[in-house]
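Asker: Chains as they are written, first to last, in this note's numbering: chain A, 1 to 296; chain B, 1 to 307; chain C, 1 to 519. Cβ atoms here follow ideal geometry from the backbone N, Cα and C, with glycine treated the same way. Shown below is the structure under consideration.
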Amino acid sequence: MTDATETQVAADGDTRQGRAPFFLRLVRQPSGAIGLLIVAVLVVMAIFADQIAPYSPIKMAAGKPLTGPSADHLLGTDEFGRDMFSRIVYGSRLTMQIGLIAVGISLSIGTLIGLVAAYAGGFIEKLLMRSTDVVFSFTETLIALAFVAVLGPSLENAMIAVGIAGVPFYARTCYASALGEEGKPYFEASIAAGAGHGRLLFLHLLPNVVPTMIVIATLGLSNAILAAAALSFLGLGAQPPTPEWGAMLSAGRDFFNRAPWLMLYPGLAIALTVLAFNILGDALREALDPKSRERS
Amino acid sequence: MLRFLGQRAAMGLLTIFVTTIAVTLLIHLVPGDPVEIMYAQSQGTTPEQLEAMRSKLGLDQPIPVQYVQYIGRLLEGDLGVTIRGQQPVAQLLMQRLPNTLALAALAMLIATLIGVPLGFLAAYKRGTVLDGLLMVTAIAGISIPHFWLGLLLLFWLAVDLGLLPVAGSGPLNIVLPALTLGLSNAAIVARMTRSAMIDVMSQDFIRTAHAKGLSKGKVLRRHVLRAGLVPVVTVMGLQFTFMMGGAIVVENIFAWNGIGRLALEAIFQRDYPVIQGFILVFATTVVVVMLALDAVYALLDPRIRRS
Amino acid sequence: MSMRTRLTSALLALAASTAIPATASAGDIVWARYGDIDSLDPHRATSTLSLQVWSLIYDTLLATDKDGKPVPNLAKSWESNEEGTEYTFMLHEGAVCHDGTPLDANDVKYTVDQAFDEENPSVTKASWGPISAVEVVDPTTVKFTLEKPFVALIPFLADSFSSIICDSNEGKDGFGTSVAIGSGPWKFDSWTKGDQIVLEKNPDYENYGKLADNPGAPYEDRLLITTVPEPQARLAGLKTGAIDVAEPPLDDVAMLKESGDLDIVTAENTGQNVFFEFAVHRPPFDDERARKAVAHATDPEAAISLIYGDLSMPEQCPISRGVFGNDQEFCAEHRPRYDPEKATELLGELGYGPDNPLEVNLLVWTGGKRDKLAEVFQAQLMQVGITADIQMMDIGTMNARVRQENENPEGKGSMDMMTWSWYDPDILYALWHSPGAYRGYTSPELDAMLEETRVLTDPDERRKAVEEVMAYLLEKAIHVPLYTPGWEWVFAVRPEVEGFKVAPFVYPIFSDVKIADEG
Chain A
1 MTDATETQVA
11 ADGDTRQGRA
21 PFFLRLVRQP
31 SGAIGLLIVA
41 VLVVMAIFAD
51 QIAPYSPIKM
61 AAGKPLTGPS
71 ADHLLGTDEF
81 GRDMFSRIVY
91 GSRLTMQIGL
101 IAVGISLSIG
111 TLIGLVAAYA
121 GGFIEKLLMR
131 STDVVFSFTE
141 TLIALAFVAV
151 LGPSLENAMI
161 AVGIAGVPFY
171 ARTCYASALG
181 EEGKPYFEAS
191 IAAGAGHGRL
201 LFLHLLPNVV
211 PTMIVIATLG
221 LSNAILAAAA
231 LSFLGLGAQP
241 PTPEWGAMLS
251 AGRDFFNRAP
261 WLMLYPGLAI
271 ALTVLAFNIL
281 GDALREALDP
291 KSRERS
Chain B
1 MLRFLGQRAA
11 MGLLTIFVTT
21 IAVTLLIHLV
31 PGDPVEIMYA
41 QSQGTTPEQL
51 EAMRSKLGLD
61 QPIPVQYVQY
71 IGRLLEGDLG
81 VTIRGQQPVA
91 QLLMQRLPNT
101 LALAALAMLI
111 ATLIGVPLGF
121 LAAYKRGTVL
131 DGLLMVTAIA
141 GISIPHFWLG
151 LLLLFWLAVD
161 LGLLPVAGSG
171 PLNIVLPALT
181 LGLSNAAIVA
191 RMTRSAMIDV
201 MSQDFIRTAH
211 AKGLSKGKVL
221 RRHVLRAGLV
231 PVVTVMGLQF
241 TFMMGGAIVV
251 ENIFAWNGIG
261 RLALEAIFQR
271 DYPVIQGFIL
281 VFATTVVVVM
291 LALDAVYALL
301 DPRIRRS
Chain C
1 MSMRTRLTSA
11 LLALAASTAI
21 PATASAGDIV
31 WARYGDIDSL
41 DPHRATSTLS
51 LQVWSLIYDT
61 LLATDKDGKP
71 VPNLAKSWES
81 NEEGTEYTFM
91 LHEGAVCHDG
101 TPLDANDVKY
111 TVDQAFDEEN
121 PSVTKASWGP
131 ISAVEVVDPT
141 TVKFTLEKPF
151 VALIPFLADS
161 FSSIICDSNE
171 GKDGFGTSVA
181 IGSGPWKFDS
191 WTKGDQIVLE
201 KNPDYENYGK
211 LADNPGAPYE
221 DRLLITTVPE
231 PQARLAGLKT
241 GAIDVAEPPL
251 DDVAMLKESG
261 DLDIVTAENT
271 GQNVFFEFAV
281 HRPPFDDERA
291 RKAVAHATDP
301 EAAISLIYGD
311 LSMPEQCPIS
321 RGVFGNDQEF
331 CAEHRPRYDP
341 EKATELLGEL
351 GYGPDNPLEV
361 NLLVWTGGKR
371 DKLAEVFQAQ
381 LMQVGITADI
391 QMMDIGTMNA
401 RVRQENENPE
411 GKGSMDMMTW
421 SWYDPDILYA
431 LWHSPGAYRG
441 YTSPELDAML
451 EETRVLTDPD
461 ERRKAVEEVM
471 AYLLEKAIHV
481 PLYTPGWEWV
491 FAVRPEVEGF
501 KVAPFVYPIF
511 SDVKIADEG
């Protein structure tokens with residue numbers, strides 16, 4: 001769960017003139033550099049999983065079952081003799097997919113609702129934002145559970161569930177940010193100049209909420225990855241033999257006595273990934289809005 | 001103040017109203033015939049029996065009629081019976097709701113006791129190494145999956161060291177799940193408290209107090225803490241919903257007998273009456289608790305109290 | 001400030017107010033299981049978890065001996081007419097229900113009438129057979145009239161599915177939830193769903209035929225049946241002594257046996273049968289060759305030894321060891337054996353090969369390491385070019401899903417690892433006689449063969465008929481048996497717990513249990 005109060009402050013991302021380029025500002029912060037580095041490693045792992053992983057993630061008897069870390073099997077093997085390192089590497093691909101798809105769903109629907117509500121005003125605004133408030137009060141976990149209950153357990157459904165559950169938060173943030181834009185002189189000037197709805201919405205409002213939404217989405221990735229892993233851990237997500245980290249962690253607890261690494265590495269992998277997106281998100285926010293440094 | 005609370009109450013009622021509609025529709029969104037799923041355990045069911053059950057549940061009626069019937073039963077406290085074993089759903093949920101509330105409350109207490117002082121300290125020492133250290137710890141804390149933390153605590157404290165009971169519902173059994181949930185949320189509380197306190201400290205009346213020459217300690221006690229209570233209550237409100245959500249997962253790790261465990265079992269067994277009841281009870285609980293916190297908030301915040 | 005303190009103390013009070021249930025004391029046996037019962041009403045559920053508890057609270061007309069054969073129990077004897085359409089049971093005098101009322105023919109009639117209740121029939125109504133009337137001849141004599149012969153009635157009456165419900169339960173609010181009056185060795189005290197069931201010993205119990213050495217009341221005072229889903233948590237409880245009897249983590253059994261810290265008891269003659277079956281009304285499994293390819297491609301023996309070690313064993317027959325008609329050699333001759341080359345060949349005939357792999361869903365019941373076993377089968381199937389997507393689900397969901405798959409004429413191929421436990425070959429009738437439990441494979445000749453198995457009263461003739469059915473099912477790869485036992489059959493027992501044993505069809509017996517004093 002991202003903390004709502006903080007992310008909403010990072011709204012205004014304009015007036016950049018006279019400062020160092022954005023990317024430099026980002027990596028100059030130690031947290032930004034570290035976050036970016038870990039994320040880069042994860043992305044490389046995910047893209048080149050076929051080249052990096054020494055074994056197929058589902059190949060049984062790649063080594064002897066339940067052996068500890070060794071030169072042949074960097075992270076040991078599981079009860080079928082599958083190579084844990086390969087499973088973790090392929091797991092990063094799944095994790096990225098889950099995060100991107102879930103956040104993609106939240107982001108696209110949420111931004112649309114937020115923009116339209118802020119722009120349309122009146123009844124539509126009330127209707128959209130009140131509904132969002134209502135759905136928001138259900139909490140993400142409940143929404144995700146309800147969706148999986150209806151759709152049935154599977155990795156795809158878990159992604160959709162987590163994505164849908166995130167919509168209200170993105171809608172609210174986008175709405176707040178867009179409202180701020182509408183008050184600015186340039187926007188009023190555009191209206192006076194007779195700009196059409198489409199132009200106002202997509203050429204003026206949208207680009208100006210993008211910085212905020214990028215921050216939200218980066219932090220949201222960590223949130224989505226954590227939520228989907230929790231669903232898989234409970235058995236409501238990935239099905240065997242998918243090397244999904246949450247599911248691997250869940251399967252590993254049977255062997256806690258004899259092979260603690262089966263539970264340790266998937267947990268570490270999730271924690272590290274979530275951490276990377278969290279600090280990257282924080283750093284992004286600071287780079288976009290140095291004023292927020294004081295507050296967070 | 002009454003107007004503020006009235007608005008909040010209306011919002012809460014609206015939420016519950018929407019929930020009842022969602023819950024009625026839920027069973028129609030399920031792929032396949034819910035009545036056939038109900039009878040999957042029975043042998044030799046005749047089509048007549050299926051029809052009878054369909055009309056008993058009102059599933060042969062138009063959806064609006066079903067909704068009215070559902071509300072009617074609801075007002076009598078009837079949430080239907082489980083598919084597996086035909087147990088009354090309302091009773092099952094009410095038996096377990098106190099367990100979930102106790103878990104969420106204790107976890108919130110732990111998170112507050114750890115998070116608020118640390119967040120306050122970080123705000124007070126803002127910009128120092130200590131602040132940096134605390135915030136790095138906090139962000140690491142946020143990133144640790146609570147189900148992983150829970151398992152590690154379970155295996156370490158209960159299975160290996162035998163310090164705490166592993167499962168069940170004795171008084172000591174709440175310690176591990178509450179600790180897991182509390183610890184994993186303490187970091188969020190610390191971060192939120194810090195930013196709230198920084199806001200408060202930068203407000204004019206605090207600066208004035210300093211300028212008047214009041215000692216640092218006096219300013220803290222008289223003004224900062226008092227004003228800081230408002231955001232802390234806000235934080236607690238937000239925390240409570242997280243806690244309720246987190247409880248669903250944590251209950252299942254530690255076999256804590258709350259509504260979250262009941263719900264997960266029901267999802268696996270496709271026991272729709274239980275799932276429906278769970279959603280309704282969960283949403284209502286969140287609404288009621290948030291409303292209570294709003295009332296506290298209104299009492300504390302002079303601006304709302306006066307309005 | 002005071003507001004905060006008040007809030008804090010309110011939260012503390014809330015935390016302290018949760019119900020604290022009964023905790024174990026001396027004289028209590030604590031039995032931990034992964035899940036809970038569905039109902040205390042024997043007409044409302046079918047799970048092993050429920051049946052095991054009913055067998056403690058309720059008694060049955062007949063009981064089983066250690067080989068699974070029906071023997072007298074509440075009924076000291078029985079007789080049937082020539083045609084097998086009338087059964088008369090002579091009951092023991094003096095049997096008493098837990099509320100003190102006598103258990104007689106009226107209670108038997110009450111139980112059967114409830115099973116056939118128009119409004120709310122038993123979920124096992126079909127297994128009671130074609131009973132048309134139950135007559136109370138006198139308090140100790142009860143007569144069942146059947147529309148046609150039904151030889152499986154006798155073994156049914158020995159199983160806890162047919163638990164005798166005392167008629168004093170009638171009209172009791174909460175029967176099945178908070179009330180359960182039986183006449184078994186243990187009296188129902190309380191049930192907190194999801195947590196624990198508390199049973200007290202029935203001091204007036206008289207054992208007429210149940211498989212226990214103890215002729216009367218249990219030795220220990222109470223039996224606490226608790227739910228502990230996490231296997232490692234059960235093991236920890238067993239080690240500390242908080243739990244007396246429980247299913248251990250299956251992976252740790254070898255280690256436990258070696259260390260000798262806990263005794264391991266495995267149930268025999270469980271009647272449990274785990275098998276592959278298929279959605280047969282659409283490609284590819286409408287073709288016998290596709291089903292056979294799966295059977296030839298999988299090696300249950302290797303898979304089971306990898307996952308279960310020596311805790312389970314391959315089963316050749318559609319009905320498992322301990323059930324009338326089971327014959328390993330006979331079935332082994334008729335079933336498709338492990339032969340990957342043959343599988344590849346059959347798949348080739350159907351047009352599947354390396355460039356065109358056969359893709360199917362494999363539905364599996366969660367728990368008991370069945371997910372792991374399915375992964376091994378998945379890998380074996382992969383070897384011959386069958387891609388099986390595993391889908392884990394609860395058994396109830398799976399029952400519904402398998403039926404849906406059979407009713408759906410289109411879609412991806414579907415097979416499942418089904419699990420059934422029964423005390424009589426009549427299970428084959430329930431599964432495969434049209435319309436079929438899951439609307440799966442049926443044929444007129446199979447129907448005719450199955451009908452024979454229901455009416456032949458001569459054991460030898462019936463055995464022949466059962467064999468004929470089994471051969472048919474195996475040769476056409478309709479029912480591909482994998483292994484037995486399959487679920488909840490391993491028990492770890494604290495060393496000071498003496499006398500614990502498990503009756504056929506996985507009914508644990510606690511009447512003989514004595515807990516020795518720990519010094």
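Three or more beta-carbon pairs under 8 Å between the stretch 197-209 of chain B and the stretch 141-157 of chain B, yes or no?
Answerer: No, they do not touch.
Asker: Could you tell me how far apart the beta carbons of residue 188/C and residue 57/C are, in whole angstroms, since I believe they sit closer than 8 Å?
Answerer: Correct: roughly 5 Å between the Cβ atoms.
Asker: Which residues of the stretch 372-397 of chain C have a Cβ closer than 9 Å to any Cβ of chain A? Give them in chain order.
Answerer: Against chain A - using a Cβ distance shorter than 9 Å - the residues of the stretch 372-397 of chain C are 372, 374, 375, 376, 378, 379, 382, 389, 390, 391, 392, 393, 397.
Asker: When you compare the CB positions of residue 55/A and residue 61/A, do they come within less than 8 Å of one another, or not?
Answerer: Cβ distance not < 8 Å, so residue 55/A and residue 61/A don't count as in contact.
Asker: Comparing C-alpha positions only, which one of 44/A, 190/A, 91/A sits nearest to residue 268/A?
Answerer: Residue 268/A has its Cα closest to that of 91/A, out of 44/A, 190/A, 91/A.
Asker: List the residues of chain C that residue 254/A touches, going by C-beta distances under 7 Å, in chain order.
Answerer: In chain order: 231, 249, 251.
Asker: When the Cα atoms are used, what is the spatial distance from residue 216/A to residue 105/A?
Answerer: Their Cα atoms are separated by approximately 13 Å.
Asker: Rounded to whole angstroms, what's the CA-CA distance from residue 335/C to residue 315/C? Just pull it up for me.
Answerer: Going by the C-alpha atoms only, they are around 11 Å apart.
Asker: Counting only beta-carbon separations shorter than 8 Å, does residue 193/B have a partner in chain A?
Answerer: For residue 193/B, the answer is no, since every Cβ of chain A falls outside 8 Å of its Cβ.
Asker: Measure the C-alpha to C-alpha separation of residue 478/C and residue 449/C and round it to an integer number of angstroms.
Answerer: Their backbone Cα atoms lie some 15 Å apart in a straight line.
Asker: Should residue 186/A be labelled buried (16 or more other beta-carbon atoms within 10 Å of its own) or exposed?
Answerer: Exposed, because fewer than 16 other Cβ atoms sit within 10 Å of the Cβ of residue 186/A.
Asker: Do you know whose CA, among 375/C, 387/C, 386/C, lies nearest residue 300/C's CA?
Answerer: Among 375/C, 387/C, 386/C, the Cα nearest to that of residue 300/C belongs to 375/C.
Asker: Looking only at its chain, what residues have a beta carbon closer than 7 Å to the beta carbon of residue 342/C, apart from the 5 residues adjacent to it on each side?
Answerer: Taken in chain order, the residues that qualify are 296.
Asker: Skipping 5 residues on each side, what residues in its chain have a beta carbon closer than 8 Å to that of residue 191/A?
Answerer: Closer than 8 Å at Cβ, skipping near neighbours: 200.
Asker: Residues in its own chain within less than 7 Å of residue 242/B by CB, not counting five upstream and five downstream?
Answerer: These residues qualify, in order along the chain: 185.
Asker: With DSSP collapsed to three states, give me the class of residue 169/C.
Answerer: In the structure shown, residue 169/C sits in a helix (DSSP, three-state: H, G or I).
Asker: Just by C-beta distance, which residues in the stretch 223-255 of chain A are closer than 7 Å to chain C?
Answerer: Here the close residues are 235, 239, 240, 241, 253, 254, 255.
Asker: Does DSSP classify residue 520/C as helix, strand or coil?
Answerer: No information on residue 520/C is available, as it lies outside the stretch 1 to 519 that chain C covers here.
Asker: Check whether the Cβ of residue 257/A lies closer than 8 Å to any Cβ atom in chain C.
Answerer: With 8 Å as the cut-off, residue 257/A counts as an interface residue toward chain C.
Asker: Below 8 Å on the Cβ atoms is my guess for residue 291/B versus residue 274/B; work out the distance and round it to an integer in Å.
Answerer: In fact, because the Cβ distance is near 26 Å, the residues do not count as touching under 8 Å.
Asker: Does the separation of the CB atoms of residue 264/C and residue 492/C fall below 8 Å?
Answerer: Yes. Within cutoff.
Asker: In chain order, what residues of the same chain lie with their CB nearer than 7 Å to the CB of residue 27/A, ignoring the 5 residues before and after it?
Answerer: Same-chain partners within the cutoff: 33, 36.
Asker: Using a Cβ-Cβ cutoff of less than 7 Å, which residues in the same chain neighbour residue 472/C once the five nearest sequence positions on both sides are dropped?
Answerer: 446, 449.
Asker: I want to see whether chain C comes within less than 8 Å of residue 262/B, judged by CB atoms only; does it?
Answerer: Yes, residue 262/B lies at the interface with chain C (some Cβ there is under 8 Å from its Cβ).
Asker: List the endpoints of the continuous beta strand (DSSP E) containing residue 91/C.
Answerer: Residues 86-91.
Asker: Check the Cβ-Cβ distances between residue 106/A and every residue of chain B, and say whether any is below 8 Å.
Answerer: Chain B, which has no Cβ nearer than 8 Å to the Cβ of residue 106/A, makes this no.
Asker: Nearest to residue 297/A by alpha carbon, out of 41/A, 202/A, 58/A, 209/A?
Answerer: Because chain A here runs from 1 to 296, residue 297/A falls outside it and cannot be looked at.
Asker: Does DSSP classify residue 458/C as helix, strand or coil?
Answerer: Coil, per DSSP.
Asker: Can you pull the chain B neighbours of residue 60/C, defined as C-beta to C-beta under 9 Å?
Answerer: Within 9 Å Cβ-Cβ: nothing; residue 60/C doesn't reach chain B, min ~19 Å.
Asker: Using a C-beta to C-beta distance shorter than 7 Å, which residues of chain A count as neighbours of residue 147/B?
Answerer: Going along chain A in sequence order, the residues near residue 147/B (Cβ under 7 Å) are 230, 233.
Asker: Within the 8 Å Cβ cut-off, does residue 298/C reach chain A?
Answerer: Taking Cβ atoms only, chain A never reaches closer than 8 Å to residue 298/C, which makes this a no.
Asker: With a threshold of 8 Å, are at least 3 pairs of Cβ atoms found where one atom belongs to the stretch 106-113 of chain B and the other to the stretch 416-425 of chain C?
Answerer: Not touching, per the Cβ criterion.
Asker: Could you name the residues of the same chain whose beta carbon sits closer than 7 Å to that of residue 46/A, not counting the 5 residues immediately before and after it, in chain order?
Answerer: Around residue 46/A: 92, 93, 96.
Asker: Less than 8 Å between the C-beta atoms of residue 42/C and residue 116/C, yes or no?
Answerer: Against a cut-off of 8 Å, the Cβ pair of residue 116/C and residue 42/C comes out as no contact.
Asker: Does any CB atom of chain B fall closer than 8 Å to the CB of residue 133/A?
Answerer: Cβ-Cβ to chain B under 8 Å: yes for residue 133/A.
Asker: Quick check on residue 164/B: does DSSP put it in helix, strand or coil?
Answerer: Of the three classes helix, strand and coil, the one that applies to residue 164/B here is coil, per DSSP.
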